[in-house]
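Asks:
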Amino acid sequence: MGSALENYVNQVRTVSAAGNYRELADELPESLSLLVRNWSILDNVLETLDMQQHTLGVLYVLLGKLHSAGTANPDSTQIIQLMRDFMQRCNVDQLRFAVCPFYELCHVFTDYLVQKNLSILGIKVLSRAIDLIRHMDTQLTPIHADLCQLSLKAKNLNVVLPYLDTDITDISTVAAECKNQQQQQQQQQPQHTLDANNDAKYFLLYYYYGGMIYTAVKNYERALYFFEVCITTPAMAMSHIMLEAYKKFLMVSLIVEGKIAYIPKNAQVIGRFMKPLANHYHDLVNVYGNASSEELRIIILKYSEVFTRDNNVGLAKQVATSLYKRNIQRLTKTFLTLSLSDVASRVQLPSASEAERYILNMIKSGEIFASINQKDGMVLFKDDPEQYNLPDMFLNVQTNITQVLDLVKQINKMEEEIILNPLYVKKALGSQDEDLTSQHPKTYSGDPTD
Amino acid sequence: MQQDKYSELLNKLENDELENISPGAELYQQLMAIYLYQNKLASAKLLWMRISNNLKENNKELAQLNLLNLALQHNKYSEFFKYIKYEWSESNKLIIDDLLFKQREELLNLTSSAYVSIYEHNLLQMTQMTPDELKSACLGWTREQDGEEHIWQPKIKEPTPSIASDDQLLKLTEFVSFLEN
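These protein sequence lines map, in sequence, to chains H and Y.
The letter at position 223 of the first sequence is residue 223 when you use full-length UniProt numbering, and the numbering goes up by one with no holes.
The letter at position 115 of the second sequence is residue 115 when you use full-length UniProt numbering, and the numbering goes up by one with no holes.
(1) Report the CB separation of T215/H from L315/H in whole angstroms; it is logged as a contact under 8 Å.
(2) Quick one: Cα of Y21/H to Cα of A98/H, how far?
(3) Taking contact to mean at least 3 C-beta pairs separated by less than 8 Å, is the stretch 64–81 of chain Y in contact with the stretch 127–147 of chain Y?
(4) For a quick check, are the C-beta atoms of V319/H and H280/H less than 8 Å apart?
(5) Using beta carbons (cut-off 8 Å, strictly below), is P190/H in contact with chain Y?
(6) To which residues does DSSP link W152/Y through a beta bridge?
(7) Quick one: list the residues of chain H neighbouring F175/Y, beta-carbon separation under 7 Å, in chain order.
(8) Examine chain H for any beta-carbon lying closer than 8 Å to the beta-carbon of S108/Y, and answer yes or no.
(9) Just to confirm before moving on: does the CB-CB distance between S89/Y and E61/Y stay below 8 Å?
(10) Tell me whether the stretch 135–153 of chain H and the stretch 200–216 of chain H touch, counting them as touching only if at least three CB pairs, one residue from each stretch, are closer than 8 Å.
(11) Our contact map puts L340/H next to G366/H with C-beta atoms below 8 Å; I'd like the distance itself, whole angstroms only.
(12) Return the first residue and the last residue of the beta strand (DSSP E) that A370/H is part of.
(13) Within 8 Å of any Cβ in chain H, is that where the Cβ of E19/Y sits?
(14) Considering just the uninterrupted stretch of the alpha helix (DSSP H) at L380/H, what are its terminal residues?
(15) Can you confirm whether F178/Y, when its beta carbon is compared against all beta carbons of chain H, has any partner nearer than 8 Å?
(16) Is there a Cβ of chain Y sitting closer than 8 Å to that of S371/H, yes or no?
(17) Closer than 7 Å, Cβ to Cβ, to anything on chain H: give me those residues from the stretch 137–149 of chain Y, in chain order.
(18) In whole angstroms, what separates the C-alpha of L35/H from that of P142/H?
(19) Look up S89/Y in the DSSP assignment and say whether it is helix, strand or coil.
(20) Helix, strand or coil: how does DSSP classify H192/H here?
(21) Going by DSSP in three states, Q38/Y sits in which element: helix, strand or coil?
(22) Let's test the definition: count the other Cβ atoms within 10 Å of the Cβ of R104/Y and tell me whether it reaches 16, buried, or not, exposed.
(23) Need the endpoints of the beta strand (DSSP E) that T321/H sits in, please.
(24) Which residues in the same chain have their Cβ closer than 8 Å to the Cβ of I368/H, if we skip the five residues on either side of it in sequence?
(25) Give every residue of the same chain whose Cβ lies closer than 7 Å to the Cβ of Y209/H, excluding the five residues on either side of it in the sequence, and list them in chain order.
(26) Would the beta-carbon of V108/H fall within 8 Å of that of L63/H?
(27) Can you check whether the C-beta of Q149/H is within less than 8 Å of a C-beta belonging to chain Y?
(28) So, does the stretch 114–127 of chain H touch the stretch 80–93 of chain H, judging by three or more C-beta pairs under 8 Å?
(29) Would you report the Cα separation of residue 452/H and A237/H, rounded to the nearest angstrom?
(30) Using 8 Å as the Cβ pair cut-off and three pairs as the minimum, do the stretch 61–77 of chain H and the stretch 28–45 of chain H touch?
(31) Please report how far the alpha carbon of E416/H lies from the alpha carbon of D26/H, in whole angstroms.
(32) Spell out the partners DSSP gives T55/H in its beta bridges.
(33) Let me confirm a value: Y262/H is counted as buried when at least 16 other C-beta atoms fall within 10 Å, else exposed. Which label applies?
(34) Can you name the start and end residues of the alpha helix (DSSP H) that T71/H belongs to?
(35) Anything in chain Y within Cβ reach of A216/H, meaning under 8 Å, just list it in chain order.
(36) On the three-state DSSP scale, how would you describe Q398/H?
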């Protein structure tokens, strides 16, 4: 057995020295089972390899170590330290030949940490991994989902938020990476060891976890967007991730808009599969529409078991609070002045002082404009005092303009890429020819992708 | 700048937390205090959730900080100002003092914009100040007799106008040129 590992080390050393990383990356997957079987002496193997020079070799040893963690039960601090060192010292150019195994390493590492309840220690490692492997800041990798998962588990969102704030323009998937590498190799060799089926899973997970993270920091608009991406992803069948995202989508859209947010028409999966499975949540939406806090309270109590099972109790409470606020906002549209006790009875709050507290908080957060007069116990509702003539507002408008300008630039760039894509040109020209030559335009199916 | 006063320390603390297996109570205390000062209430809440139970139960100062956190989460001003009167340890004292100053100022600003009139006993309860402290804090407000009680009429603060800079002008030109093209 020892000699097989010696062979492994020799192979890594000689091929790396010769610079044939492509060859090495093709051959190493076959050694993985060997490495897993020999978990007890992997540390010795590591000692003979250098992270910088033999990045690919070390990558597979680490994979072997993590895969065998169930039987070997290694010291977790050692594993974390190894991963930390690896991310610091590995050679990115070599990694590019083995992107898929690198993703796998991060997935297995994540599973390991979650299992050991040490999620917080992996956050830095994975954020470094993303920085290493992505081609640009706006590229989504499968590791993003892992980072989100660890951050949620560890309840530490500071590191992951900047990643989520970046809008994605490109997606790196296992399938795409394999195709890339095959094109480079110029040979159609099936990559049997890699499973591309998980691409969709990690994509959906990223948006699902991302939505949850934004909900946790109360950035509900952005959370709604993330859930929307998750549930409107084109699909033939429904993923369970989508269903859970749909439930949260419904609740967050109540908080943000007071009704179900607009869903693009192309998402047929929602109507067909998700709606019947989320009928409790649809009941909640309907009751919310009646604007009665009392009824809402009753239905939340009635379905509390469902919400507890889905881990949505906290969100349900937020929905209840948002209805009080929305009802107070509604009052400002009808009344100029109102006594505090009237406010309390109209929005079904227990007392005038409670109503005062709600109003004060809403004034603080800028949700309504009003002033309270304690002398006669009245509230005076005012219009938005913003006159759009202050430098602050100017600055605000300006940041929005810059964002829009950047967006336009980005769209133009992406459009250019598509127009220059040979496949697209061929298709676009082809269908035009068809149109011209076809004597019976009705036989045209109407779908240019056919 | 006032806002960035603790950013550097915060960065360092956040990093330390991610690198250590079980960070000490002091790190958590400082983190919590800074989050509260910067009004990052969501972060403070999450921080409390990830602190180990052992520390939560045995560290009094940490628990006291969490009382402040909860009071701010629920906008319970009187509780906040009550709990902030505590013998804070040296490392946290400066941050807490800043926090107190900032919250007091914010509350008075809020009161002046949200209230036409407010009873003195309510205001005293909210700010947990003595009547003399209140008088010096509310300069320019009018205090009236209303039956048995005193009532305050806050003075509305004029927003301080800042001057448009060249930078803003530049961006505006950029935008206009974009529209024209």
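Built from N, CA and C at the ideal position, the CB exists for glycine as well.
Replies: On the basis of the coordinates in this document:
(1) In the first sequence, counting from the first residue as 1, residue 215/H sits at position 215. In the first sequence, counting from the first residue as 1, residue 315/H sits at position 315. Yes, T215/H and L315/H are in contact; Cβ-Cβ is about 7 Å, under 8 Å.
(2) Here the question's residue 21/H lines up with position 21 in the first sequence. Here the question's residue 98/H lines up with position 98 in the first sequence. A98/H has its alpha-carbon roughly 9 Å from the corresponding atom of Y21/H.
(3) With contact defined as three or more Cβ pairs closer than 8 Å, the stretch 64–81 of chain Y and the stretch 127–147 of chain Y are in contact.
(4) Residue 319/H sits at position 319 when you count from the first residue of the first sequence. Residue 280/H sits at position 280 when you count from the first residue of the first sequence. It is not a contact, given that the beta carbons lie outside the stated cut-off.
(5) Here the question's residue 190/H lines up with position 190 in the first sequence. Bear in mind that a pLDDT of 43 at P190/H, under 50, signals an unreliable position, so the number given afterwards is only what the model happens to contain. Output row for P190/H: interface = no.
(6) Against the second sequence, residue 152/Y aligns to sequence position 152. By DSSP's assignment, W152/Y forms a beta bridge with I118/Y, R143/Y.
(7) Working through the second sequence from its first residue, we reach residue 175/Y at position 175. Those within 7 Å of F175/Y in chain H are I401.
(8) For the purposes of this step, residue 108/Y is identified with residue 108 of the second sequence, where counting begins at 1. Reading off the sequence shown, one finds Leu at residue 108/Y, where the question assumed Ser. Among the CB atoms of chain H, none fall inside 8 Å of the CB of L108/Y.
(9) As a working note, residue 89/Y is residue 89 in the second sequence. As a working note, residue 61/Y is residue 61 in the second sequence. Yes, Cβ-Cβ distance for S89/Y and E61/Y is below 8 Å.
(10) The stretch 135–153 of chain H vs the stretch 200–216 of chain H: in contact.
(11) For the purposes of this step, residue 340/H is taken as the residue at position 340 of the first sequence. For the purposes of this step, residue 366/H is taken as the residue at position 366 of the first sequence. Contact flag wrong, Cβ pair sits at about 20 Å.
(12) Translated into positions along the first sequence, residue 370/H becomes position 370. Its beta strand (DSSP E) spans residues 370–373.
(13) For this step, residue 19/Y is matched to residue 19 along the second sequence. Taking CB atoms only, E19/Y has a neighbour in chain H less than 8 Å away.
(14) The count along the first sequence starts at 1 and reaches residue 380/H at position 380. No alpha helix (DSSP H) contains L380/H, which is instead part of the beta strand (DSSP E) from 378–381.
(15) Start at 1 with the first residue of the second sequence, and residue 178/Y comes out as number 178. Yes, F178/Y counts as interfacial toward chain H.
(16) Position 371 of the first sequence holds residue 371/H. Taking 8 Å as the CB threshold, S371/H lines the interface with chain Y.
(17) Answer set for the stretch 137–149 of chain Y: D146.
(18) Position 35 of the first sequence, counted from the first residue, corresponds to residue 35/H. Position 142 of the first sequence, counted from the first residue, corresponds to residue 142/H. Approximately 25 Å, taken between the alpha carbons.
(19) Reading the second sequence from its first residue, position 89 is the one you call residue 89/Y. Three-state result, S89/Y: coil.
(20) Start at 1 with the first residue of the first sequence, and residue 192/H comes out as number 192. Note that H192/H has pLDDT 42, beneath the 50 cutoff, so the model's placement of it is unreliable and the number below is only indicative. Three-state result, H192/H: coil.
(21) Residue numbering aside, residue 38/Y sits at position 38 when the second sequence is read from its first letter. Note: Q38/Y maps to coil in three-state DSSP.
(22) The sequence position of residue 104/Y within the second sequence is 104, counting from 1. When all chains shown are included, R104/Y counts as buried.
(23) What you label residue 321/H is simply residue 321 of the first sequence in a count that begins at 1. T321/H -> not in any beta strand (DSSP E); alpha helix (DSSP H) instead, spanning 313–334.
(24) Taking the first sequence and counting its residues from 1, one reaches residue 368/H at position 368. Counting only Cβ-Cβ distances below 8 Å, and skipping sequence neighbours, we find I328, Q329, T332, I359, M362, F381.
(25) Taking the first sequence and counting its residues from 1, the one referred to as residue 209/H is at position 209. So the qualifying residues of the chain are A145, C148, Q149, L152.
(26) Mapped onto the first sequence, residue 108/H falls at position 108. Mapped onto the first sequence, residue 63/H falls at position 63. Against a cut-off of 8 Å, the Cβ pair of L63/H and V108/H comes out as a contact.
(27) Position 149 of the first sequence, counted from the first residue, corresponds to residue 149/H. Chain Y, which has no Cβ nearer than 8 Å to the Cβ of Q149/H, makes this no.
(28) The stretch 114–127 of chain H vs the stretch 80–93 of chain H: in contact.
(29) A query on residue 452/H cannot be resolved here, the shown segment of chain H reaching from 1 to 450 and no further.
(30) Under the Cβ criterion (8 Å, minimum of three pairs), the stretch 61–77 of chain H counts as touching the stretch 28–45 of chain H.
(31) Mapped onto the first sequence, residue 416/H falls at position 416. Mapped onto the first sequence, residue 26/H falls at position 26. Within the model, the alpha-carbon separation for E416/H versus D26/H is close to 35 Å.
(32) Taking the first residue of the first sequence as 1, we reach residue 55/H at position 55. None, per the DSSP bridge assignment.
(33) Here residue 262/H is taken as the residue at index 262 of the first sequence, counted from 1. Its Cβ having fewer than 16 others within 10 Å, Y262/H is exposed.
(34) If you number the first sequence from 1, residue 71/H lands on position 71. Its alpha helix (DSSP H) spans residues 69–72.
(35) In the first sequence, the residue the question calls residue 216/H occupies position 216. By Cβ distance, chain Y contributes A42, L46.
(36) Counted from its first residue, the first sequence places residue 398/H at position 398. Of the three classes helix, strand and coil, the one that applies to Q398/H here is helix, per DSSP.
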